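Undergrad:
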Amino acid sequence: MSADSDKNAAESQFKNIGEIVEKGTEDGDDLGPMQVESLCMNCHESGTTRLLLIRVPFFRDIILESFECPHCYFKDNSIKAAGQIQEQGAKYTLQVENLEDMQRQVVRSDLSSFSVDTLGIESPKSEGQLTNVEGVIQRIHEGLSNDQPARKEQAPELHDALQPLIDSLKSYLDGTGFPFTISLDDPTGNSWIAPNTKDRGNKYRTKLYNRTHEQNEELGIAGDSTAEAATEDPESEIVDGREYCLPTECPGCAKPAELLIKKVTIPYFKEVYLWSNVCEHCGLRSSDVKTGGEVPELGKRITLVVKNEVDLSRDVLKSDTCAVHSDELEISIQAGTLGGRFTTLEGLLTEVRDSLRGHLFDIGGGGGDSLETSEKAKWDRFFDRLESAINGDFEKFGGQFTITLADPLANSYVQDLCAPAADPQITTEDYKRTEEEEDDLGLKDMKTEGYEEDAKKEEQDS
């Protein structure tokens with residue numbers, strides 16, 4: 001049997017929730033949970049584990065596990081990701097503003113950490129969960145409040161310190177403590193907070209990141225630490241247009257791989273470095289774009305009016321700190337979501353579409369059965385408009401649409417077809433970075449002046 005046949009056979013075991021409900025009792029189909037006899041870890045008698053393979057709409061396949069012991073009545077429930085460890089870790093951040101946000105679906109793997117950023121508290125790694133935001137907050141609230149009577153007697157100071165946090169969590173559950181911010185971080189990339197078509201600005205953010213060597217070791221996929229490093233290129237300068245090969249660690253399988261670097265000079269802009277990672281072990285291919293130079297005082301916002309297919313062919317450099325926005329396309333991509341890209345406008349929009357469909361919204365795979373009809377219609381409309389823009393169907397947007405690249409480090413670029421003269425379809429604006437952007441970039445922690453005075457003070461104090 002071929003690899004594709006094996007994959008299709010495995011995928012056929014996973015069903016949408018609606019399909020299980022509608023067909024579970026029809027035509028003799030056995031789409032219910034599988035039952036396996038297993039050992040009860042509480043009384044060491046035989047219990048029953050039920051496994052249900054389901055496909056989470058707009059996400060990926062998971063396994064629901066439910067254990068019950070008829071002897072001691074011990075029960076336990078958890079979920080596990082059925083797919084492989086993703087190439088990158090993922091962190092989702094959501095600003096919860098109303099009761100509707102509290103009902104957003106949450107898929108949490110057993111290796112993820114959930115944080116209530118507003119309160120500065122973190123729920124450590126635990127069993128996987130398929131729940132919603134309210135359910136996670138409820139579980140944290142119960143975990144903290146259950147032992148409060150004992151703490152009041154044994155550790156009154158700890159009791160008094162935790163009570164304000166418990167009260168705040170209770171206000172969130174009652175709907176009186178909005179807004180607050182939560183985040184879900186998973187190095188395997190198999191956790192998720194559901195998005196919404198109404199999300200704008202920094203309300204909902206997704207950040208994909210390469211795992212550290214320590215995280216790969218924890219997941220059991222770290223490469224051989226004793227492998228010899230390749231010798232460095234003796235040349236000290238990077239020549240424009242020449243490819244350089246450096247040893248690195250594959251972000252997917254953590255085995256030794258090659259990192260290809262090439263310097264390219266963009267006319268009327270600056271020098272950029274194209275990075276390409278190729279792994280011969282797992283076949284992972286990834287690319288990124290890095291820019292050099294000092295940090296500018298102001299960020300830059302570039303707005304392009306797209307009127308024809310020529311505009312779709314413009315070169316676009318999107319740095320990893322750049323956010324992309326378009327009212328007509330209903331796009332709001334936050335910084336760090338797609339990484340750095342040097343492509344065309346058509347290529348950028350195509351990558352936005354593929355990224356959303358592949359990582360979150362696998363509508364082509366039949367997802368969406370558990371969503372409300374109106375919500376699914378919104379996502380269908382979103383992809384339809386995005387597809388029209390990629391195909392050059394400008395009539396749907398009244399003949400044109402605009403797209404804005406906002407980069408706090410001014411490292412992004414849209415090709416000027418009239419250079420060196422000004423392009424009438426491009427508007428460039430310098431802007432002052434917000435405190436949040438300064439903090440995200442680590443600029444608040446940087447000290448560039450007064451080192452001599454600080455050194456003298458340290459000497460005097462010592």
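Just so it is clear: in the sequence shown, position 153 is 153 by full-length UniProt numbering, and no numbers are missing. Glycine residues also receive a C-beta, built at the ideal position from the N, C-alpha and C atoms. Remember, predicted model here, so these are calculated numbers, not experimental data.
Exposed or buried, which one is C418 when buried takes at least 16 other CB atoms within 10 Å?
TA: Label assigned to C418: exposed.
Undergrad: Could you tell me the distance, in whole angstroms, from the CA atom of P256 to the CA atom of S286?
TA: Cα-Cα distance, rounded: 15 Å.
Undergrad: Secondary structure at F382, three-state DSSP: helix, strand or coil?
TA: Reduced to three states, the DSSP call for F382 is helix.
Undergrad: Per the DSSP calculation, G241 is bridged to which residue(s)?
TA: Per DSSP, none; premise fails for G241.
Undergrad: Please list the segments of the alpha helix (DSSP H) lying wholly inside the UniProt domain "Zinc finger ZPR1-type" (38 to 195), counting only runs of 4 or more residues, in order along the chain.
TA: The qualifying runs are 99 to 102, 133 to 145, 148 to 154 and 156 to 174.
Undergrad: Return the first residue and the last residue of the alpha helix (DSSP H) that G347 is part of.
TA: L345 to S355 is the span of the alpha helix (DSSP H), which, as asked, contains G347.
Undergrad: Look at the Cβ atom of S183, then the Cβ atom of D117, and state whether they are nearer than 8 Å.
TA: Against a cut-off of 8 Å, the Cβ pair of D117 and S183 comes out as a contact.
Undergrad: For the alpha helix (DSSP H) holding L312, just list the boundary residues, first then last.
TA: Note, L312: alpha helix (DSSP H), E309 to L312.
Undergrad: Taking Cβ positions, are L329 and A389 nearer each other than 8 Å?
TA: Yes.
Undergrad: For A377, which three-state DSSP category applies?
TA: Note: A377 maps to helix in three-state DSSP.
Undergrad: At the level of alpha carbons, what is the spacing between R211 and T197?
TA: If I take the Cα positions, the gap works out to 29 Å.
Undergrad: From the DSSP output, which residues share a beta bridge with R341?
TA: K318.
Undergrad: Where does K263 fall in DSSP's three states?
TA: Reduced to three states, the DSSP call for K263 is strand.
Undergrad: Helix or strand or just coil, what does DSSP make of I390?
TA: Helix at I390.
Undergrad: Smallest Cα separation from V414: which of L345, E387 and K263?
TA: It is L345 whose Cα lies nearest to the Cα of V414.
Undergrad: Taking DSSP as the reference, what is the three-state secondary structure of D288?
TA: Three-state result, D288: strand.
Undergrad: Okay, do the segment 293 to 312 and the segment 400 to 412 touch, 3+ Cβ pairs below 8 Å being the bar?
TA: The segment 293 to 312 is in contact with the segment 400 to 412.
Undergrad: For V264, count neighbouring Cβ atoms within 10 angstroms of its own Cβ and tell me buried if that reaches 16, exposed if not.
TA: V264 comes out exposed.
Undergrad: Under DSSP, the beta strand (DSSP E) around L329 begins and ends at which residues?
TA: Taken as a continuous stretch (DSSP letters only), L329 belongs to no beta strand (DSSP E), as it is neither H nor E.
Undergrad: Please confirm if D185 has its CB atom under 8 Å from at least one CB of chain B.
TA: In summary, chain B is missing from the structure at hand, where a single protein chain is found.
Undergrad: Exposed or buried, what is V316 when buried is set at 16 or more other beta-carbons lying within 10 Å of its beta-carbon?
TA: With 16 or more other Cβ atoms within 10 Å, it is buried.
Undergrad: Is it buried or exposed for Q103, if we count other Cβ within 10 angstroms and need 16 for buried?
TA: Q103 is exposed by the Cβ-count criterion.
Undergrad: Between G189 and L173, what straight-line distance do the alpha-carbon atoms span, to the nearest angstrom?
TA: Straight-line Cα distance between these residues: approximately 28 Å.
Undergrad: Does the pairing of the segment 238 to 258 with the segment 126 to 135 give three or more beta-carbon distances under 8 Å?
TA: Touching, no, given that fewer than three Cβ pairs across the two stretches are closer than 8 Å.
Undergrad: Helix, strand or coil, according to DSSP, for F401 in the structure here?
TA: Strand at F401.
Undergrad: Taking C-alpha atoms, which residue in H44, K80, Y92 and G89 lies nearest to Y73?
TA: Checked all of H44, K80, Y92 and G89; the closest Cα to Y73 is H44.
Undergrad: Around the C-beta of P267, are 16 or more other C-beta atoms found within 10 angstroms, so that it is buried, or is it exposed?
TA: So P267 counts as exposed.
Undergrad: What number of angstroms, rounded off, separates the C-alpha of V239 from the C-alpha of L260?
TA: V239 and L260: Cα-Cα distance of roughly 14 Å.
Undergrad: Are the CB atoms of S332 and D407 nearer to each other than 8 Å?
TA: For S332 and D407, no; Cβs fall outside 8 Å.
Undergrad: Could you check how far apart the C-beta atoms of G398 and L312 are, in whole angstroms? I think they sit under 8 Å.
TA: Between L312 and G398 the Cβ distance is about 17 Å, and since that is not below 8 Å, they are no contact.
Undergrad: For residue 463 and L144, I'd like the C-alpha separation in whole angstroms.
TA: The structure shown does not extend to residue 463, since the chain is modelled only from 1 to 462, so the question has no answer here.
Undergrad: Pick out whichever of P33, E68, L338 and I63 has its Cα sitting closest to the Cα of N42.
TA: Cα-wise, what sits closest to N42 is E68.
Undergrad: Which residues does DSSP list as the beta-bridge partners of G336?
TA: The partner list for G336 (beta bridge, DSSP) is empty, contrary to what the question assumes.
Undergrad: By alpha-carbon positions, which one of S112, E438 and M34 ends up nearest to L298?
TA: Of the candidates S112, E438 and M34, the one whose C-alpha sits nearest the C-alpha of L298 is E438.
Undergrad: Kindly indicate which three-state DSSP category N216 falls into: helix, strand or coil?
TA: N216: helix per DSSP, three-state reduction.
Undergrad: I'd like to know if the segment 201 to 209 and the segment 85 to 103 are in contact, where contact means that at least 3 CB-CB pairs between them fall below 8 Å.
TA: Yes: the two stretches touch, three or more of their Cβ pairs being nearer than 8 Å.
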